[in-house]
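Colleague:
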Amino acid sequence: MTELVLHEAAANGEWQTLESMLMIQRIDVDHKDEDFGDRTALHWAASKGHAKCVKLLLEYGADASSRMVGGWTPAHCAAETGRSNVLKVLIDQRSAVALPDNTGDTPKRVAEIYGHTACVELLESAEESAVQRQHLIRDKFRAHTRKVSRVVAEKGVESILDKVKDSSN
755 MTELVLHEAA ANGEWQTLES MLMIQRIDVD HKDEDFGDRT ALHWAASKGH AKCVKLLLEY
815 GADASSRMVG GWTPAHCAAE TGRSNVLKVL IDQRSAVALP DNTGDTPKRV AEIYGHTACV
875 ELLESAEESA VQRQHLIRDK FRAHTRKVSR VVAEKGVESI LDKVKDSSN
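Add 754 to the 1-based position in the sequence shown for the numbering used here, that's all there is to it.
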């Protein structure tokens, strides 16, 4: 029952009530309300545009990848209702904002369907940033691999294995 009060506070943007509940009580921040398609408090806050509540719920461990019936995440809910402020919080918190639902629609596609251009642009920018981070990680990994290969070629495998054995003793 307490979880439903949490949902109500999130849906109404009552972040102070939400914070009090999260601080004082043992509560399942990811409780799914079966009467509302398995929505969590995070889904409610996202769909209603309560960015401060979204951030608070994430800080208390809410799962940004939690799915409602149909596979919608909080990002889908925000995209449907044009809540770019919420999408920005989700992106800033490194939440997954490109997961497809059960029919293959991503939050960006949902925003396109409903004509929320600002949301589409924000999600496209997030996708580009994610791709750039992946390229950076890949490039660093390749550089490290080349460095290890050079060391192995110069010193030989036995020499390196001997040092590893010595350091573990």
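Glycine included, C-beta positions come from ideal geometry on N, C-alpha and C. Note that the structure is predicted; figures quoted are calculated from it, not measured.
Residue 834: which of 806, 814 and 873 sits nearest, CA to CA?
Modeller: Per the Cα distances, 873.
Colleague: Could you tell me the distance, in whole angstroms, from the CA atom of residue 826 to the CA atom of residue 854?
Modeller: 8 angstroms
Colleague: Of all the options 813, 808 and 815, which has the alpha carbon lying nearest to the alpha carbon of residue 828?
Modeller: 808
Colleague: Could you pull out every residue in the same chain whose Cβ sits closer than 6 angstroms to the Cβ of residue 802, ignoring the five residues on either side in sequence?
Modeller: Excluding residues up to 5 positions away in sequence, 765 lie with their Cβ nearer than 6 angstroms to the Cβ of residue 802 in the same chain.
Colleague: Indicate the three-state DSSP secondary structure (helix, strand or coil) for residue 793 in the structure shown.
Modeller: strand
Colleague: Does the Cβ-Cβ distance between residue 823 and residue 791 come in under 8 angstroms?
Modeller: yes
Colleague: Sort 810, 804 and 762 by Cα distance to residue 777 and report the nearest one.
Modeller: 810
Colleague: Using only CA atoms, which one of 896, 841 and 848 lies nearest to residue 871?
Modeller: The shortest C-alpha separation from residue 871 is found at 841.
Colleague: Taking the alpha carbon of residue 856 as the reference point, which residue from 761, 830 and 847 has its own alpha carbon closest?
Modeller: 830
Colleague: Kindly indicate the opening and closing residues of the alpha helix (DSSP H) around residue 852.
Modeller: No alpha helix (DSSP H) holds residue 852; DSSP gives it neither H nor E.
Colleague: Count the other CB atoms, across all protein chains shown, that sit within 10 Å of the CB of residue 845; report buried if there are 16 or more and exposed otherwise.
Modeller: Residue 845 comes out buried.
Colleague: Going straight from the alpha carbon of residue 877 to that of residue 818, what length do you get?
Modeller: 15 angstroms
Colleague: When you compare only the Cα positions, how much space is there between residue 837 and residue 797?
Modeller: 12 angstroms
Colleague: For residue 787, does the three-state DSSP call read helix, strand or coil?
Modeller: strand
Colleague: Using beta-carbon positions only, say whether residue 820 and residue 794 come within less than 8 angstroms of one another.
Modeller: yes
Colleague: For the alpha helix (DSSP H) holding residue 826, just list the boundary residues, first then last.
Modeller: First-last for residue 826: undefined, no H or E at that position.
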